[in-house]
Amino acid sequence: MASGRDAASVIARLIERARTVVAFTGAGISTESGIPDFRSPDSPWLANRPIDFDLFVASPEARREAWRRKFAMDDIARGAKPNAGHRALASLVAAGKMPAVITQNIDGLHQAAGIPPDQVIELHGNGTYATCLACGLRHELDAIRTAFEATGEAPTCRHCGGLVKSATVSFGQGMPEEAMRRARELALACDLILAVGSSLVVYPAAGFPLLAKRNGATLVILNREPTELDCMADLVVQGEIGQVLGPLASPSPATH
Ligand code: NAD
54 MASGRDAASV IARLIERART VVAFTGAGIS TESGIPDFRS PDSPWLANRP
104 IDFDLFVASP EARREAWRRK FAMDDIARGA KPNAGHRALA SLVAAGKMPA
154 VITQNIDGLH QAAGIPPDQV IELHGNGTYA TCLACGLRHE LDAIRTAFEA
204 TGEAPTCRHC GGLVKSATVS FGQGMPEEAM RRARELALAC DLILAVGSSL
254 VVYPAAGFPL LAKRNGATLV ILNREPTELD CMADLVVQGE IGQVLGPLAS
304 PSPATH
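Numbering-wise (this note's numbering), the sequence shown opens with residue 54 and increments by one.
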């Protein structure tokens, strides 16, 4: 186990020696941006029983409740900006060291830190927009919110009349096939995987660091508390993500 500055330099050395690095991120990387994670004490995400996919589809009242909760969470996350952890990973992508980040997050902060969207593999979708469940048309949240606040009704698609849902993967909803395929490919291609800010209990997502490790990659777990997979890791770093990864970020062009 390592901590603090030592950890940063050990991780930097592992990255330097690696051919292909992949990061696997969870909600913990965004807490320093002001977005609460899922399982820490007082999590607003756990205040209510989740609305699973089948219930969302079957029940108008469940859809209204899902949208009420969605907008309440958006108010908590409003204005969140990428932090030192997001920037450090963006530096590794920009340097050509990391082909992509595999993330469970739905907040879009990896992209906001400068990682091209096609290099962010979102296993649980994206909460910054919505899609029609029938035709797939993208819908913007501002327009949905304005209409929802005026009518109290959950949105339907202007194109086909289908149900519109935040573009995230709900409990009971199928995983996105292309993201799963790419994540698997990367897990098998990397020789170093950094699991950052995830309790590593949500499957199938948490299977990717495990797959990489079993395929011979070095597994580093960075989290402020123990995780389910610490016993599998080559290096466990207990610390705050921004503090540990921050030194890996290259200075932004504006500071030159
Ligand atoms: P989790 O809440 O289960 O685990 C987060 C882990 O990060 C915890 O072990 C916590 O101790 C640690 N952590 C929090 N802040 C940290 C910090 N600053 N430094 C070091 N460690 C820190 O999250 P998960 O494993 O990603 O699973 C939760 C699910 O909820 C995911 O599927 C995700 O889709 C969703 N979710 C996403 C967001 C987001 O997009 N930001 C937020 C909440 C939940």
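Every residue, glycine too, gets a C-beta built ideally from N, C-alpha and C.
Remark: three or more beta-carbon pairs, one from each stretch, lie closer than 8 Å, so the segment 291–301 and the segment 122–140 are flagged as touching. In summary, T280 is buried, with 16 or more beta-carbon neighbours lying within 10 Å of its beta-carbon over all protein chains present. Residue pairing by DSSP places F77 opposite I155 and A248 in a beta bridge. F224 and A183 have their C-alpha atoms some 16 Å from each other.
Residue side-chain check: L264 keeps its Cβ at 7 Å or more from all non-hydrogen atoms of the ligand NAD. Following the DSSP letters along the chain, one finds V290 inside the beta strand (DSSP E) bounded by residues L288 to Q291. DSSP places T181 in the uninterrupted beta strand (DSSP E) bounded by G178 to C185. Distances from the alpha-carbon of M126 to those of P170, Q164 and T181 put T181 closest. Comparing alpha-carbon positions, the option among H177, L241, F106 and L239 lying closest to P229 turns out to be H177.
When secondary structure is reduced to three states using DSSP, A166 falls in the coil class, being assigned neither helix nor strand.
In this structure, the ligand NAD has a non-hydrogen atom nearer than 7 Å to the beta-carbon of V254.
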